[in-house]
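Heads up: the sequence lines are chains A and B, in that order.
Its first residue numbered 2, the first sequence is counted upward by one per residue in my numbering.
Its first residue numbered 2, the second sequence is counted upward by one per residue in my numbering.
To start, the structure under review is shown below, and the notes come after it.
2 protein chains.
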Amino acid sequence: MAIERVLVAGGGVIGSLYAGHLARRVEVTVLTRRPEHARALAAEGLRISGKSDFTAKLHATADPAELADFDLGILATKAIDLEACAAALSGRFPNATLMTIQNGLGAEELVRGYGEWPLVSAVTFMSGVRHSDTHVEYELDTETWLGPYAGTTTFERVQEIERLLAGSGLHARAFPDLRPAQWSKLIFNATVNTVAALTDLAHVSRFADLDEPTDLGFLVRDLMDEGKRVAAAAGVELHEDPWEMNVLAVRKGETQAAAGAYAHVPSMLDDVRSRRRTEVDFITGALVREAERLGIPVPLHTAMYRLVKARESAYS
Amino acid sequence: MAIERVLVAGGGVIGSLYAGHLARRVEVTVLTRRPEHARALAAEGLRISGKSDFTAKLHATADPAELADFDLGILATKAIDLEACAAALSGRFPNATLMTIQNGLGAEELVRGYGEWPLVSAVTFMSGVRHSDTHVEYELDTETWLGPYAGTTTFERVQEIERLLAGSGLHARAFPDLRPAQWSKLIFNATVNTVAALTDLAHVSRFADLDEPTDLGFLVRDLMDEGKRVAAAAGVELHEDPWEMNVLAVRKGETQAAAGAYAHVPSMLDDVRSRRRTEVDFITGALVREAERLGIPVPLHTAMYRLVKARESAYS
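See below:
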């Protein structure tokens with residue numbers, strides 16, 4: 002079944018990057034949280050700058066009741082808002098494939114609780130900067146990785162989505178099994194996001210420094226090693242080594258910083274700076290819960306988890 | 002030898018609390034870092050409010066060359082500035098007893114490198130809030146603990162200083178051996194200061210919460226347990242259990258907060274908020290170095306050390 006109509010639920014940076022690019026190829030509707038956001042998008046379109054440069058026309062609404070049928074739904078809400086989103090779609094759109102993109106683990110199971118849709122698991126390494134309701138800058142033009150979730154859909158369907166994303170100017174890669182990639186990203190995120198949130202550092206070269214004993218790279222590596230032990234106990238062979246992902250990302254960041262671009266601010270640091278609730282329960286929390294289930298000690302991730310929760314409690 | 006003239010080196014909160022109170026009993030000179038601070042103190046005196054309430058007259062200078070003879074020198078500089086202070090006194094004041102008050106370990110050895118003065122080790126639990134160069138509020142009226150350092154002076158001399166402090170309205174307690182108290186405070190400080198600096202939390206009841214698995218109290222207790230293992234390996238029997246110190250302090254803080262007073266902001270959090278270099282190298286650093294010397298693993302303190310160093314590096 003061809004993909005002609007796409008719903009993007011969530012008008013944050015990642016949702017906007019999908020919606021804007023895809024709207025150049027297919028009919029796109031964005032489901033936003035705020036009605037004024039939807040009105041602005043419908044009236045002005047969505048401008049994407051940075052790695053891409055265009056303004057896309059799309060539909061937008063803040064009211065799930067107004068949604069027309071779609072073939073593919075990209076659920077790009079924050080992990081915290083995913084359950085409400087799945088509930089709003091419950092009992093409708095039986096022919097749609099839904100794709101989850103949330104950080105952490107468990108998004109698919111959660112959506113599964115609200116309907117029998119075919120599900121695609123995805124993780125993305127894209128990033129951007131939100132300039133306004135109708136303008137997002139495409140910062141890191143890295144890949145989205147996607148795979149069929151637990152036999153609910155086929156690899157062919159996933160490859161169809163991969164082609165659609167690639168054809169719209171994004172980078173995408175289909176996997177028969179996403180778990181190795183999901184776990185690589187989980188370990189990377191649980192480490193880089195919490196370290197950034199607590200140190201107020203963007204993801205800079207210091208995350209890979211291994212010169213002095215007090216250097217941050219040692220902590221980053223120790224956190225990743227803990228995560229790798231949990232993945233091994235879960236029987237997952239990682240797609241990429243999280244430490245190598247870290248080293249590559251900070252090198253790329255340095256090149257971009259030298260070219261005058263900003264250093265990448267991990268979302269958890271952005272949340273802490275804006276005194277928003279972070280996704281730590283879904284990222285580090287998912288890793289710590291898996292570790293407990295498997296009987297693997299993760300004292301450093303447990304410490305980071307408690308520190309970030311305490312940091313959030315200091316907002317008030 | 003009676004104590005009639007006291008030098009207080011360092012015009013920060015702690016130095017000011019000693020100088021102001023002692024000036025009511027003996028002749029006090031404050032050695033400040035900034036000349037305008039010394040001029041203001043000499044002209045206006047030093048106002049102490051809060052737990053005490055008076056204005057003290059005292060001498061003040063920012064030039065060590067101007068210092069007259071003194072019987073007792075309280076070195077109340079930040080740990081970072083102690084070496085320069087000891088160097089400035091080197092070769093002079095052979096009859097003076099010097100008392101170090103710095104957080105961490107190793108202040109006495111450092112001063113010892115600059116002269117053969119009799120040395121008194123001290124730690125203080127007092128705290129205050131600096132309102133201006135000439136006004137400090139006395140917040141926590143807790144004890145100063147002091148003891149002779151490594152045979153360089155007698156317990157009687159220490160008791161003499163204890164009486165002088167008590168007679169000036171401060172709380173003091175002389176110990177034949179300060180190490181058990183120093184280590185209790187080191188473990189308390191290495192934990193409470195770094196946790197506060199990273200979470201942006203004052204020392205509030207959350208530091209003792211042990212309800213949910215993500216509660217901060219578990220991390221605080223784990224950090225203190227690591228510290229206690231190092232103390233045990235060093236052959237030190239702690240004077241007070243750091244966890245009990247923590248519970249008592251947050252309970253006291255709650256009572257004061259209910260009465261409208263502020264929650265106590267640990268110095269390392271105050272430093273981070275003001276983007277100043279912290280004392281982490283002298284506090285957590287001292288503990289981690291001792292642990293390494295003794296072969297005791299301290300992964301959590303090592304992580305906190307790296308995080309605070311990274312937090313400092315984010316200032317620029």
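Where is the CB? At the ideal position from N, CA and C, for every residue including glycine.
Please list the terminal residues of the continuous beta strand (DSSP E) segment that includes A/H204.
Looking at the DSSP string, A/H204 is not in any beta strand (DSSP E), and its letter there is neither H nor E.
The region 299 to 317 of chain A: which residues have C-beta closer than 7 angstroms to a C-beta of chain B, in chain order?
Within the region 299 to 317 of chain A, the qualifying residues are P300, L301, A304, Y306, R307, L308, K310, A311, R312, S314 and A315.
A/V27: which of A/G13, A/G11 and A/F71 sits nearest, CA to CA?
The shortest Cα separation from A/V27 among A/G13, A/G11 and A/F71 belongs to A/F71.
Unbroken beta strand (DSSP E) runs of length 3 or more, entirely within the region 6 to 91 of chain A: which are they?
Entirely contained in the region 6 to 91 of chain A, the beta strand (DSSP E) runs reaching 3 residues are, in chain order, 6 to 10, 28 to 32, 47 to 51, 55 to 57, 60 to 62 and 73 to 76.
For B/R274, does the count of other Cβ atoms within 10 angstroms reach 16, so buried, or fall short, so exposed?
B/R274 should be labelled exposed.
Determine the DSSP secondary structure at B/D300, reduced to helix, strand or coil.
The displayed chain sequence assigns Pro, not Asp, to residue 300 of chain B. Of the three classes helix, strand and coil, the one that applies to B/P300 here is helix, per DSSP.
Can you pull the chain B neighbours of A/R180, defined as C-beta to C-beta under 9 angstroms?
Per Cβ cutoff of 9 angstroms: no residues; A/R180 is ~26 angstroms from chain B at best.
Could you check how far apart the C-beta atoms of B/V121 and B/V159 are, in whole angstroms? I think they sit under 8 angstroms.
The pair is a contact, with the Cβ atoms about 6 angstroms apart (cut-off 8 angstroms).
Taking all protein chains shown into account, do 16 or more other C-beta atoms lie within 10 angstroms of the C-beta of B/L308, making it buried, or fewer, making it exposed?
Burial call: buried.
Note down, in chain order, every chain A residue with its Cβ under 9 angstroms from the Cβ of B/D216.
Within chain A, the residues near B/D216 are R307, K310 and A311.
May I ask you to verify whether the region 272 to 289 of chain A touches the region 97 to 111 of chain A, counting CB pairs closer than 8 angstroms and requiring at least 3?
With the cut-off at 8 angstroms, the region 272 to 289 of chain A and the region 97 to 111 of chain A touch.
Let me confirm a value: B/L270 is counted as buried when at least 16 other C-beta atoms fall within 10 Å, else exposed. Which label applies?
That one is buried.
Taking only the alpha-carbon atoms, compute the straight-line gap between A/E67 and A/A44 and give it to the nearest angstrom.
Going from the Cα of A/E67 to the Cα of A/A44 covers about 17 angstroms.
So which residues on chain A does B/F219 lean against when the C-beta distance must stay under 7 angstroms?
Going along chain A in sequence order, the residues near B/F219 (Cβ under 7 angstroms) are R307.
Cβ of A/R141 less than 9 angstroms from any chain B Cβ?
Here residue 141 of chain A turns out to be Leu, not Arg, going by the sequence shown. Not closer than 9 angstroms to any Cβ of chain B, the Cβ of A/L141 fails to qualify, so no.
By the 7 angstroms beta-carbon criterion, what residues does the region 252 to 282 of chain B contribute toward chain A?
The region 252 to 282 of chain B vs chain A, Cβ under 7 angstroms: nothing.
Since A/T200 meets chain B, which of its residues come closer than 7 angstroms, beta carbon to beta carbon?
What A/T200 touches in chain B: L308, A311, R312 and A315.
Considering only residues of the region 91 to 143 of chain A, which uninterrupted beta strand (DSSP E) runs meet the minimum length of 3 residues and lie entirely inside it, listed in chain order?
Runs found: 98 to 101, 120 to 125, 128 to 133 and 136 to 141.
Relative to the C-alpha of A/R131, which residue among A/E140, A/V14, A/Y316 and A/R276 is closest?
Measuring from the Cα of A/R131, the nearest candidate turns out to be A/V14.
Mind checking whether A/K52 and A/Y139 have CB atoms under 9 angstroms apart?
The answer is yes: Cβ separation under 9 angstroms.
DSSP three-state label for A/G148, please.
Here A/G148 sits in strand by DSSP.
Can you find the residues in the same chain that come closer than 6 angstroms, C-beta to C-beta, to A/T143, ignoring five residues on each side of it along the sequence?
F126 and M127, listed in sequence order.
Write down the C-beta distance between A/P300 and B/L301 rounded to the nearest angstrom, noting that I regard them as a contact closer than 8 angstroms.
About 7 angstroms; that satisfies the 8 angstroms criterion.
Just list the beta strand (DSSP E) runs in the region 161 to 202 of chain A, keeping only unbroken ones of 3 residues or longer that don't cross its boundaries, in chain order.
As far as the region 161 to 202 of chain A is concerned, its whole beta strand (DSSP E) runs of at least 3 residues are 173 to 175.
Does DSSP put A/E280 in a helix, a strand or coil?
Three-state result, A/E280: coil.
Give a yes or no on whether the minimum CB-CB distance between B/R158 and chain A is below 9 angstroms.
Chain A contact via Cβ: absent.
Just to confirm the assignment: which complete alpha helix (DSSP H) runs, minimum length 4, are found wholly within the region 229 to 270 of chain A?
Fully enclosed alpha helix (DSSP H) runs of 4 or longer: 243 to 259.
What residues in the region 101 to 122 of chain B bring their beta carbon closer than 9 angstroms to a beta carbon of chain A?
Flagged: no residues at all.
Just checking: is the beta-carbon of A/V196 within a distance shorter than 9 angstroms of some beta-carbon in chain B?
So, interface residue.
Report the option in A/F156, A/T135 and A/Q183 whose CA atom is closest to the CA atom of A/T145.
Of the listed residues, the one whose Cα sits closest to A/T145 is A/Q183.
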